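Trainee: Sequential numbering from 115 applies to the sequence shown in this note's numbering.
For each residue, glycine too, the CB sits at the ideal point set by N, CA and C.
Given the structure is predicted, the values throughout are model-derived calculations rather than measurements.
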Amino acid sequence: MEKRKPSFLVSSLVILLIIAILGVSILVYGTAPHIPIVIAAVIVTLYGLKLGYKWKELEKAMTKGVSYGVPAIIILSLIGITVGVWVLNGTVQTITYYGLQVLSPSLFLVSAVIITAVVATMTGSSWSAISTIGIALMGVAYGMSISPTVTAGAIVSGALFGDKLSPLSDTTNLAAATAKVDIFQHIRHMLWTTIPSLIITLGIFAAIGIFSSREAADIGKVESMMTTLNNEFMLTPVTLISPLLIIILAFRKVSPIPSLIIGLVAAVITTFYTVPGVSLGTIMNTAHFGYTADTGVEAIDNLLSLGGLDSMLFGVSLILIALSFGGIIREIGIAQAIIEGLKRFLRSRGNVITSTVLSCLGINVVVGEQYLSIILPGQMLEESYEQTNLHPKNMSRTLEDAGTLIHPLIPWGVTGAFIMTTLNVGIGYIPFSFICFISPIIAIIYGYTGFTLTPLATEDVVDLEKQRVSSGTGSH
Numbered sequence: 115m116e117k118r119k120p121s122f123l124v125s126s127l128v129i130l131l132i133i134a135i136l137g138v139s140i141l142v143y144g145t146a147p148h149i150p151i152v153i154a155a156v157i158v159t160l161y162g163l164k165l166g167y168k169w170k171e172l173e174k175a176m177t178k179g180v181s182y183g184v185p186a187i188i189i190l191s192l193i194g195i196t197v198g199v200w201v202l203n204g205t206v207q208t209i210t211y212y213g214l215q216v217l218s219p220s221l222f223l224v225s226a227v228i229i230t231a232v233v234a235t236m237t238g239s240s241w242s243a244i245s246t247i248g249i250a251l252m253g254v255a256y257g258m259s260i261s262p263t264v265t266a267g268a269i270v271s272g273a274l275f276g277d278k279l280s281p282l283s284d285t286t287n288l289a290a291a292t293a294k295v296d297i298f299q300h301i302r303h304m305l306w307t308t309i310p311s312l313i314i315t316l317g318i319f320a321a322i323g324i325f326s327s328r329e330a331a332d333i334g335k336v337e338s339m340m341t342t343l344n345n346e347f348m349l350t351p352v353t354l355i356s357p358l359l360i361i362i363l364a365f366r367k368v369s370p371i372p373s374l375i376i377g378l379v380a381a382v383i384t385t386f387y388t389v390p391g392v393s394l395g396t397i398m399n400t401a402h403f404g405y406t407a408d409t410g411v412e413a414i415d416n417l418l419s420l421g422g423l424d425s426m427l428f429g430v431s432l433i434l435i436a437l438s439f440g441g442i443i444r445e446i447g448i449a450q451a452i453i454e455g456l457k458r459f460l461r462s463r464g465n466v467i468t469s470t471v472l473s474c475l476g477i478n479v480v481v482g483e484q485y486l487s488i489i490l491p492g493q494m495l496e497e498s499y500e501q502t503n504l505h506p507k508n509m510s511r512t513l514e515d516a517g518t519l520i521h522p523l524i525p526w527g528v529t530g531a532f533i534m535t536t537l538n539v540g541i542g543y544i545p546f547s548f549i550c551f552i553s554p555i556i557a558i559i560y561g562y563t564g565f566t567l568t569p570l571a572t573e574d575v576v577d578l579e580k581q582r583v584s585s586g587t588g589s590h
């Protein structure tokens with residue numbers, strides 16, 4: 115049977131049905147994303163079979179989809195193992211103790227955004243920032259009785275700001291490469307949307323901090339926690355060696371997996387110093403099952419009972435299911451059909467920018483894969499930017515405003531699963547990840563007002579024509 119391409123109308127209806135299933139299941143019934151995605155995968159598989167695809171082809175597509183997530187699964191597993199050891203050796207306790215001393219409750223959320231932004235900019239990785247300083251900030255927030263979901267939103271906002279603007283970031287380089295613009299030209303152009311987004315985000319968190327700090331910080335609880343931490347654990351800067359090593363290695367562009375392994379080895383060695391008489395078996399069990407605190411102080415026990423490989427199985431299973439689903443979507447061409455269908459509406463600059471944002475959103479929602487949400491809209495809408503006399507750096511900026519920043523808001527996406535599992539907050543962080551909403555909105559506003567949109571100069575048109583000739587595509 116000959117394969118047929120999916121139509122724009124049917125593809126749109128399939129996507130709307132999938133979004134409805136996911137939305138009702140997660141938001142109305144409060145279920146985890148796993149089973150709704152399995153149901154969605156069955157629907158898409160049936161559609162693929164109707165288009166003429168064989169089961170073996172769809173099965174191969176699922177396997178290929180999962181293969182993209184293998185590094186993320188390994189990273190997630192290593193983070194769980196490392197966090198378990200960090201609690202055992204006192205790393206989390208040390209950072210929490212000194213954080214409670216230094217940070218003010220009213221400015222904590224603003225500080226969380228700034229601190230994670232700095233770490234993410236230095237390392238070029240939102241994952242590194244969230245899995246190191248982010249975990250520590252969650253502990254401080256717990257001690258100050260600040261909402262963990264709001265705190266997670268602040269951490270995500272800062273981490274994504276830094277990831278987006280860092281020349282070391284993979285998505286920053288990918289967006290620039292997709293649009294064929296210089297990386298630093300791309301970053302400078304992003305400042306027009308990213309800085310206002312950050313300022314608005316900081317303003318919102320400052321307001322939340324001021325209005326909530328009056329009732330949030332229970333001085334007696336904070337003092338009780340600090341006393342217990344000081345009495346029950348060895349609080350020493352030595353415990354900071356492991357997270358600092360991971361941050362330094364990330365800054366030096368060492369791949370995440372070896373960075374985490376080195377940090378884990380350092381954490382294990384540190385444990386023999388901070389926990390006298392600890393056995394290797396205890397360390398291995400904690401790495402697997404996580405740390406269970408038993409100090410007699412409920413607040414401390416709730417805070418420190420975390421980590422371990424088992425704690426990451428929720429995220430790992432979600433990634434496996436979501437990427438299998440995304441592999442089928444990619445194979446049968448649903449996303450491509452929708453983007454092609456949108457092209458008929460691209461008569462103005464505002465519509466081109468908006469279509470880019472919606473395409474990035476759609477691919478993130480349907481496929482849950484960040485790289486594809488940048489590459490596919492970039493490749494398919496490139497000519498629309500040229501036809502509306504827009505410089506390619508406008509496209510690279512919009513790909514980041516939407517592709518990079520919307521991705522963490524998708525619970526079944528790789529980064530969404532990572533955030534939920536690492537910060538242990540479920541989907542509650544999503545409404546408070548303000549920068550991820552604000553940046554795409556600003557991009558659309560700029561699209562229709564023309565503010566900061568750079569037109570194509572004559573020499574740019576010549577350069578684009580040369581690129582097409584050299585790549586063998588010719589002119590259109």
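Quick one: Cα of F428 to Cα of T535, how far?
Mentor: In a straight line, the C-alpha of F428 is about 7 Å away from that of T535.
Trainee: In the structure shown, what three-state DSSP assignment does L490 receive?
Mentor: L490: helix per DSSP, three-state reduction.
Trainee: M176 and G540: beta carbons closer than 8 Å?
Mentor: Cβ distance not < 8 Å, so M176 and G540 don't count as in contact.
Trainee: Please classify P357: does DSSP put it in a helix, a strand, or coil?
Mentor: Correct three-state label for P357: helix.
Trainee: S585 to T286, Cα distance in whole Å?
Mentor: Reliability fails at S585, whose pLDDT of 49 lies under 50, so the model's placement of it is uncertain and no value is given.
Trainee: Which of the three DSSP states, helix, strand or coil, is assigned to L434?
Mentor: Residue state, collapsed to three classes: helix.
Trainee: Can you have a look at G588 and say buried or exposed, based on whether 16 or more other CB atoms are within 10 angstroms of its CB?
Mentor: Because G588 carries a pLDDT of 47, less than 50, the predicted location of this residue cannot be relied on, and the following value inherits that uncertainty. Exposed: under 16 other Cβ atoms inside 10 Å.
Trainee: Straight-line CA distance for I544 to S431?
Mentor: So the two alpha carbons sit approximately 20 Å from each other.
Trainee: Please work out which residues of its chain come closer than 7 Å, Cβ to Cβ, to T566, disregarding the five sequence neighbours upstream and downstream, and give them in chain order.
Mentor: If we look at T566 and ignore the five residues flanking it on each side, its Cβ neighbours are W306 and Y560.
Trainee: For the alpha helix (DSSP H) that contains K168, what are its first and last residues?
Mentor: No alpha helix (DSSP H) contains K168, which DSSP labels as neither H nor E.
Trainee: Cutting at 8 Å between CB atoms, please list the residues of its own chain near G91, excluding the five before and the five after it.
Mentor: Lying outside 115 to 590, the shown extent of the chain, residue 91 is not represented and no answer is given.
Trainee: Thinking C-alpha only, which one of S393, I414, L274 and I362 is nearest E346?
Mentor: Measuring from the Cα of E346, the nearest candidate turns out to be I414.
Trainee: With T235 and G267 assumed to form a contact (beta carbons below 8 Å), what rounded beta-carbon distance in angstroms separates them?
Mentor: No, T235 and G267 are not in contact; Cβ-Cβ is about 19 Å, not under 8 Å.
Trainee: Note down, one range per segment and in chain order, each alpha helix (DSSP H) of at least 4 residues found wholly within the segment 496-543.
Mentor: With a minimum length of 4 residues, the continuous alpha helix (DSSP H) runs that stay inside the segment 496-543 are 506-513 and 528-537.
Trainee: What separation, rounded to the nearest whole angstrom, lies between the Cα atoms of V411 and R302?
Mentor: One C-alpha to the other measures close to 50 Å.
Trainee: For a test of the three-state rule: what should DSSP assign to P147, helix, strand or coil?
Mentor: Note: P147 maps to coil in three-state DSSP.
Trainee: Less than 8 Å between C-beta atoms, sequence neighbours within five positions excluded: which residues of the same chain meet that for L217?
Mentor: The answer, listed in chain order, is S225, V254 and M258.
Trainee: Does the Cβ of N478 have 16 or more other Cβ atoms within 10 Å, making it buried, or fewer, making it exposed?
Mentor: The residue is buried, with at least 16 neighbouring Cβ atoms inside 10 Å.
Trainee: Would you call the CB atoms of L343 and Q215 closer than 8 Å?
Mentor: Cβ distance not < 8 Å, so L343 and Q215 don't count as in contact.
Trainee: Taking the alpha-carbon of L190 as reference, which of F365, L221, T529 and T563 has the nearest alpha-carbon?
Mentor: Among F365, L221, T529 and T563, the Cα nearest to that of L190 is on T529.
Trainee: For P390, which of helix, strand or coil comes out of DSSP?
Mentor: Here P390 sits in coil by DSSP.
Trainee: Are the Cβ atoms of G204 and M340 separated by less than 8 Å?
Mentor: Not a contact, by the Cβ cut-off of 8 Å.
Trainee: Should the segment 381-398 be called in touch with the segment 238-249, which here means at least 3 C-beta pairs below 8 Å?
Mentor: In short, these stretches do not touch, since the Cβ pair count stays below three.
Trainee: Helix or strand or just coil, what does DSSP make of P120?
Mentor: Residue state, collapsed to three classes: coil.
Trainee: Exposed or buried, which one is L160 when buried takes at least 16 other CB atoms within 10 Å?
Mentor: Label assigned to L160: exposed.
Trainee: Out of S181, S356 and K119, state which residue places its alpha-carbon closest to the alpha-carbon of I195.
Mentor: Among S181, S356 and K119, the Cα nearest to that of I195 belongs to S356.
Trainee: Let me check one thing: in DSSP terms, what residues is P569 bridge-paired to?
Mentor: Answer is L504.
Trainee: Which whole-angstrom value describes the C-beta separation of L570 and L504, a residue pair presumed to lie in contact below a C-beta threshold of 8 Å?
Mentor: Yes, they are in contact, since the Cβ atoms of L570 and L504 sit about 7 Å apart, within 8 Å.
Trainee: Could you tell me the boundaries of the alpha helix (DSSP H) in which F222 lies?
Mentor: Start and end: F222 to T237.
Trainee: Under a three-way DSSP split, which group does M304 fall into?
Mentor: Here M304 sits in helix by DSSP.
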